[in-house]
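Q: What follows is a single structure, and I will ask about it in a moment.
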Amino acid sequence: MIFPDYHIHSSFSEDCDTDIKDIILSAKSKGVSSICITDHYDMDFPILKEDPIIKFDLDIQSYINTLIALKDNLSPDFDLRIGIELGTMPSTLVKLTDFVKNNPYFDFIIASTHIVDNMDPYYPSFYEGRSIKDAYRRYFEDELYAVTNFDSYDVYGHLDYILRYGRDPKNPFEPKDFMEIFEEIFKQIISKGKGIEINTGGLYKGLNNTHPCKEYLKLYKELGGEIITVGSDAHTTDKVGYGFDVAKDLLLDCGFNYYCTFKNRKATYNKIYV
-19 MIFPDYHIHS
-9 SFSEDCDTDI
1 KDIILSAKSK
11 GVSSICITDH
21 YDMDFPILKE
31 DPIIKFDLDI
41 QSYINTLIAL
51 KDNLSPDFDL
61 RIGIELGTMP
71 STLVKLTDFV
81 KNNPYFDFII
91 ASTHIVDNMD
101 PYYPSFYEGR
111 SIKDAYRRYF
121 EDELYAVTNF
131 DSYDVYGHLD
141 YILRYGRDPK
151 NPFEPKDFME
161 IFEEIFKQII
171 SKGKGIEINT
181 GGLYKGLNNT
191 HPCKEYLKLY
201 KELGGEIITV
211 GSDAHTTDKV
221 GYGFDVAKDL
231 LLDCGFNYYC
241 TFKNRKATYN
251 KIYV
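Heads up: the sequence shown is residues -19 to 254, going by our numbering.
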């Protein structure tokens, strides 16, 4: 099944060089008829010793104007939605709330945790001085704080994103070790009418799992979670729509009958056909 791809990055993200027009062409070539561009905006991104230049800032006005112009020139059989991925930190949640209020242009907002304790789990420095389990727990604690104290989003992205980069062959990740905190995270998300995504980025980042993994997808559904989008987290054209057959099977296996799309921040439920 070819889902609309609701997590794609373009050259407006500092970690991506892909032109939006090329993304659209790639999507069309794969039969993907709807995409949502969700470029990064990580407010107050810290200066990282590993890469002191990168800021994950976003030229909002240029971004919005570019997407609107593209939308106006697309054929009716292709649907381009305007999204954003907001990187959350405890120190920025109030400012991000104001940002969303002042920028009512988005169809869809992903909130994600990329930075914890002013460090990026992408780099080994995040794991120094603590066990891998402690690193995982610290990351999930910040996610719990975000979903408890921040409401200006639609779905929370790649909830176990840290697994892409924090892996210890001697101490492999066990979903059961963190079921309790994920239950708290999901209860907050569900109670506020928010959702999660199934992010296929893990499938091409060496994990052989989606984000979140199957165990957490099942837990979300068992707790009453219904809002779920599908996204590739593509930063290159070849990853647009990546692994969506796997996503379909996982969703059905976990009891989901619908996936969501968004327009003007309102969810539409779409049937998953067997």
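The beta carbon of each residue, even a glycine, is placed where N, CA and C say it ideally should be.
DSSP state of D2, grouped into three classes?
A: Counting from one through the sequence shown, the residue named residue 2 turns up at place 22. If DSSP states are grouped into helix, strand and coil, D2 belongs with the helices.
Q: Using a threshold of 8 Å, state whether the C-beta atoms of N244 and D131 are closer than that.
A: In the sequence shown, residue 244 corresponds to position 264, counting from 1. In the sequence shown, residue 131 corresponds to position 151, counting from 1. For N244 and D131, no; Cβs fall outside 8 Å.
Q: Verify whether the separation of the beta carbon atoms of F236 and I208 is less than 8 Å.
A: By one-based count along the sequence shown, residue 236 stands at place 256. By one-based count along the sequence shown, residue 208 stands at place 228. Yes, Cβ-Cβ distance for F236 and I208 is below 8 Å.
Q: Secondary structure at R147, three-state DSSP: helix, strand or coil?
A: Reading the sequence shown from its first residue, position 167 is the one you call residue 147. In this structure, R147 counts as coil in the three-state DSSP scheme.
Q: Between the stretch 69 to 84 and the stretch 141 to 155, are three or more C-beta pairs nearer than 8 Å?
A: Because the criterion of three Cβ pairs below 8 Å is not met, the stretch 69 to 84 and the stretch 141 to 155 do not touch.
Q: Taking its Cβ as the centre, do 16 or more other Cβ atoms sit within 10 Å of R61, making it buried, or is it exposed?
A: Translated into the one-based positions of the sequence shown, residue 61 becomes position 81. The residue in question, R61, is buried, as its Cβ has 16 or more Cβ neighbours within 10 Å.
Q: Determine the direct distance from the alpha carbon of D52 to that of D24, and round the result to whole angstroms.
A: Within the sequence shown, the letter at position 44 stands for residue 24. Within the sequence shown, the letter at position 72 stands for residue 52. Near 33 Å, if we compare the C-alpha coordinates of D52 and D24.
Q: Assuming G205 and I176 make a contact with CB atoms under 8 Å, what is their CB distance in whole Å?
A: Here residue 205 refers to the residue found at position 225 when the sequence shown is read from its first residue. Here residue 176 refers to the residue found at position 196 when the sequence shown is read from its first residue. At roughly 7 Å, the Cβ-Cβ gap stays under 8 Å, so G205 and I176 are in contact.
Q: According to DSSP, simplified to helix, strand and coil, what is R118?
A: The count along the sequence shown starts at 1 and reaches residue 118 at position 138. In this structure, R118 counts as helix in the three-state DSSP scheme.
Q: Return helix, strand or coil for D59, following the three-state DSSP convention.
A: Position 79 of the sequence shown, counting from 1, holds the residue named residue 59. Residue state, collapsed to three classes: strand.
Q: Can you give me the start and stop residues for the alpha helix (DSSP H) that A227 sits inside?
A: As a working note, residue 227 is residue 247 in the sequence shown. Unbroken alpha helix (DSSP H) run through A227: 224 to 233.
Q: I need the boundaries of the beta strand (DSSP E) containing E177, first residue and last residue.
A: Within the sequence shown, the letter at position 197 stands for residue 177. Here the beta strand (DSSP E) through E177 covers 175 to 179.
Q: Hey, would you say V220 sits closer than 8 Å to I(-12), going by beta carbons?
A: On the sequence shown, position 240 is the one that residue 220 refers to. On the sequence shown, position 8 is the one that residue -12 refers to. In this structure, I(-12) lies closer than 8 Å to V220 by Cβ.
Q: Considering Cα atoms alone, identify which of K81, F242, F(-8), P32 is closest to D39.
A: The residue labelled residue 39 in the question sits at position 59 within the sequence shown. Nearest of K81, F242, F(-8), P32 to D39, Cα basis: F(-8).
Q: Residues in the same chain with beta-carbon distance under 8 Å from S(-10), minus the five sequence neighbours each way, listed in chain order, please.
A: The residue given as residue -10 occupies position 10 in the sequence shown. Contacts found: C(-4), T(-2), D(-1), I0, I3, I17, D19.
Q: Which whole runs of the alpha helix (DSSP H) in the stretch 61 to 100 are 4 residues long or more, in chain order?
A: Correct list: 73 to 82.
Q: Counting pairs of beta carbons, one from the stretch 216 to 233 and one from the stretch 144 to 154, are three or more of them closer than 8 Å?
A: Short answer: they don't touch.
Q: Which of the three DSSP states, helix, strand or coil, is assigned to N250?
A: The residue given as residue 250 occupies position 270 in the sequence shown. Here N250 sits in strand by DSSP.
Q: Take P103 and list the residues in its own chain whose beta-carbon comes closer than 6 Å to its own, dropping the five residues that flank it on each side.
A: Taking the first residue of the sequence shown as position 1, residue 103 is located at position 123. In the sequence under discussion, the amino acid at residue 103 is Tyr, which differs from the Pro named in the question. The answer, listed in chain order, is E30.
Q: Take D97 as the anchor and find which of K81, P70, K113 has the nearest alpha-carbon.
A: Position 117 of the sequence shown, counting from 1, holds the residue named residue 97. For the residues K81, P70, K113, the minimum Cα distance to D97 belongs to P70.
Q: Less than 8 Å between C-beta atoms, sequence neighbours within five positions excluded: which residues of the same chain meet that for K10?
A: Position 30 of the sequence shown, counted from the start, is the residue given in the question as residue 10. I(-18), V220, G221, listed in sequence order.
Q: Using the Cα positions of D59 and G181, report the straight-line distance between them to the nearest angstrom.
A: Residue mapping note: residue 59 aligns to position 79 of the sequence shown, counting from 1. Residue mapping note: residue 181 aligns to position 201 of the sequence shown, counting from 1. Roughly 22 Å separates the two Cα atoms.
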